[in-house]
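Heads up: the protein sequence lines correspond to chains A and B, in order.
So the numbering used here is basically just the index in the first sequence, starting at one, shifted up by 1.
So the numbering used here is basically just the index in the second sequence, starting at one, shifted up by 385.
C-beta: ideal position from N, C-alpha, C; glycine also.
Nothing here was measured: the structure is a model prediction, and the numbers come from that model.
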Amino acid sequence: MTAKSQTLKFENKPRIIAGMSVVGRKEGDGPLGKYFDEIDDDPKMGKGSFEKGESAMFATAVAGAAKKAGLRPFDFDALFAGDLLNQLISSNYAARELPVSYFGLYSACSTMTEALSLGAAMINAGYYRTAACVTGSHFAAAERQYRYPLEYGCQRPPYAQWTVTGAGCSVLSIKGDGPYISSATIGRVADYGVTDANNMGAAMAPAAFETLLAVLDDTGLSIEDFDAVFTGDLGRLGARILRDLSAERGVCLGQKYSDCGEMIFSREQNCYSGGSGAGCSACVLNSFILDKMRKREYNKVLLMATGALMSPTTSFQGESIPAISHGIILEND
Amino acid sequence: MTDKIAKRNKTYIEYVEKVSPSTNATHSLIKAFAIGGATCVIGEILRNLLALAPSIDDKAAAVYSSVILVTAAIIMTGTGVYDNIARHGGAGSFLPIRGFANAMSSAAMEFRSEGLITGTAVKMFNVVGPVIVNGIVWSAASGTIVWLVSVIASL
């Protein structure tokens, strides 16, 4: 390990001036249901397939966020987008309809903070004035790519996770109102040897842990300086592991820490360890977290989306699961 | 360095195994027994009822009851009921012939969006492929053994 800083500081204050979240019925019925902007009952969004439905959710999220920001989607200088499907099809097809520069990003479920980090860096540097960052995931589309057919009757272990159906879009701008991104900590790939593709929480927790230490080291802040600390989708088990790993290093996460995957579904919804997916942190950020920041209940938030960089191919080949986590710090003036 | 990482990973995996919740075995066994048992009871009732028909002998009755169970599993898959039962039933729901029907029909349905030939036909055996391959390989192997034994015995 090197002592090199992983953190980019943004002195020009790129701001999240608007956010839009679109989710499916199950997410809408969850504890955060009232915070989401749009809840869709149809998992295909009126299109012919789940993949098209996911792409349509992206388009809705981008259009909605633009409208909230008082812009048209054409006004964006760039679009930073990513999803979980092979070749980033949901993002690509959504971007097809938008005449703006497009960055297709893959960082599994941590794509949202990767997109925000890159968007904020570009805006901070002055290359762009406004950019949209959007990520999403879809339970049915992810299941068929990563696991089994939907109606196939199989049992999962209690630590498995449920892919969130949803997309979230944030509009970044150099001017306007809203919380600003003060810094971004770009994660390193962490692999602690977990091979069970169902146990993504355990695979991702070390990545979140390393990024958390990097954030604290690079910024000189401590947990007490934040109003809230969120991870993307570690689930109940992963969140517990992160607490344990941190405690071992003397960092007590305490009441300030929550996991978006744990928050998005209630225990009664039979989602095992909680939600996962690129849409998980994107939806929670663009609904719950932004809402609390606007109401100034939170003034300084650390969000670390977490991604398991696995593929069914390498899982079958017996490879362990590499994971990554990128952290951003959101602040109110 | 590599040793250090290997050691770190070993400690971590041991810790993960300790904290990962496991399924309640007694609970699962009871549910699997109930659902698997119920399937078999239904099959047996069907077989006995069918055998009452004068034109159906015992052997045909057994075949017909299997056909009915398989058809029922496919219909349940299509209506989205099956996976909810299997979530509780586990092995109790896939061992008595219905699991195979469910695995094939769910894959056939799922990949319909990629076309009848390129989707359904190609991916239909996605889940059950290993069952078929093993079925053929091991029946061929046991057939060969039986044949060899008979050859040796006739010497």
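Asked                                                                                                                                                                             : Found
So Arg134 (chain A) and Gly120 (chain A) are supposed to be a Cβ contact under 8 Å. How far apart are they, rounded?                                                              : This sequence places Cys at residue 134 (chain A); Arg is not what is there. Going by Cβ atoms, the distance from Cys134 (chain A) to Gly120 (chain A) rounds to 5 Å, so yes, they are a contact pair.
Return no unless some Cβ of chain A is closer than 7 Å to the Cβ of Glu402 (chain B).                                                                                             : no
Over what stretch of residues does the alpha helix (DSSP H) that includes Ala506 (chain B) continue unbroken?                                                                     : Where Ala506 (chain B) is concerned, there is no enclosing alpha helix (DSSP H), given that its DSSP letter is neither H nor E.
Please compile the residues from chain A whose C-beta is within a distance smaller than 8 Å of the C-beta of Gly465 (chain B).                                                    : Glu152
Roughly how many angstroms lie between the CA atoms of Gly169 (chain A) and Thr136 (chain A), to the nearest whole one?                                                           : 6 Å
Please list the terminal residues of the continuous beta strand (DSSP E) segment that includes Cys170 (chain A).                                                                  : 167-174
Under 7 Å Cβ to Cβ from Met311 (chain A), same chain only, skipping five residues before and after it: list those, please.                                                        : Ala198, Ile322
Do Leu80 (chain A) and Ala96 (chain A) have their C-beta atoms within less than 7 Å of each other?                                                                                : yes
Phe51 (chain A) and Ala142 (chain A) - do their beta-carbons sit closer together than 7 Å?                                                                                        : yes
Confirm, please, whether the CB-CB distance from Cys281 (chain A) to Asp234 (chain A) is below 7 Å.                                                                               : yes
Contact between the region 6-13 of chain A and the region 166-186 of chain A is defined here as three or more beta-carbon pairs at a separation below 8 Å; is this criterion met? : yes
Any beta carbon from chain C within less than 7 Å of Ile420 (chain B)'s own beta carbon?                                                                                          : This model lacks chain C altogether, as its protein chains are A and B.
Could you tell me how far apart the beta carbons of Tyr467 (chain B) and Gly154 (chain A) are, in whole angstroms, since I believe they sit closer than 8 Å?                      : 5 Å
From this set, A:Ser118, A:Phe77, A:Ser108, which residue's C-alpha is nearest Leu89 (chain A)'s C-alpha?                                                                         : A:Ser108
Would you mind stating whether Ala306 (chain A) and Met113 (chain A) have Cβ atoms separated by less than 7 Å?                                                                    : yes
Where does Glu263 (chain A) land, buried or exposed, given buried means 16+ other C-beta within 10 angstroms?                                                                     : buried
Quick test of your reading: Arg16 (chain A) and Ser174 (chain A), contact by CB under 8 Å. State the CB separation rounded to the nearest angstrom.                               : 6 Å
Starting from Ile325 (chain A), follow its DSSP beta bridges and name the residues at the other end.                                                                              : A:Gly308
Taking the alpha-carbon positions, what's the Ala126 (chain A) to Val512 (chain B) distance?                                                                                      : 50 Å
Who are the near neighbours of Thr503 (chain B) in its chain, counting only those whose CB is closer than 7 Å to its CB and skipping five residues on each side?                  : none
Does the separation of the CB atoms of Tyr103 (chain A) and Asn394 (chain B) fall below 7 Å?                                                                                      : no
How far does the beta strand (DSSP E) with Asp292 (chain A) in it reach, from first residue to last?                                                                              : It is not in any beta strand (DSSP E) - Asp292 (chain A) instead sits in the alpha helix (DSSP H) that spans 291-295.
Could you check what DSSP says for Cys253 (chain A) in three-state terms: helix, strand or coil?                                                                                  : coil
Looking only at its own chain, which residues have a Cβ that is under 6 Å from the Cβ of Lys293 (chain A), when we skip the five neighbours before and after it?                  : Tyr299
Going by DSSP, name the residue or residues bridged to Phe231 (chain A).                                                                                                          : A:Ser259, A:Leu304
Provide the residue span of the beta strand (DSSP E) that contains Val24 (chain A), from first to last.                                                                           : 16-25
Could you run through the region 476-490 of chain B and flag, in chain order, every residue whose CB is less than 8 Å away from some CB of chain A?                               : Ser478, Phe479, Gly484, Asn487, Ala488, Ser490
To the nearest angstrom, report how far apart Met2 (chain A) and Glu152 (chain A) are at their CA atoms.                                                                          : Interpretation of Met2 (chain A) is limited by its pLDDT of 45, a score under 50 that renders its predicted location unreliable; no figure is taken from the coordinates.
Between Tyr147 (chain A) and chain B, is there a C-beta pair that is closer than 7 Å?                                                                                             : no
Where Asp43 (chain A) and Glu55 (chain A) are concerned, what is the direct C-alpha to C-alpha distance, given to the nearest angstrom?                                           : 11 Å
Between the region 20-35 of chain A and the region 260-276 of chain A, are three or more C-beta pairs nearer than 8 Å?                                                            : yes
Give me the residue from A:Pro180, A:Ile329, A:Arg130 with the minimum Cα distance to Leu213 (chain A).                                                                           : A:Ile329
Let me know the alpha helix (DSSP H) ranges lying completely inside the region 95-133 of chain A, each 4 residues or longer, listed in chain order.                               : 112-126
Leaving out five residues before and five after Asp442 (chain B) in sequence, what residues of the same chain have Cβ atoms less than 8 Å from its Cβ?                            : Ala436
Starting from Asn200 (chain A), find everything on chain B with Cβ-Cβ shorter than 8 Å and list it in chain order.                                                                : Val401, Ser405
Is the Cβ of Ala203 (chain A) closer than 7 Å to any Cβ of chain B?                                                                                                               : yes
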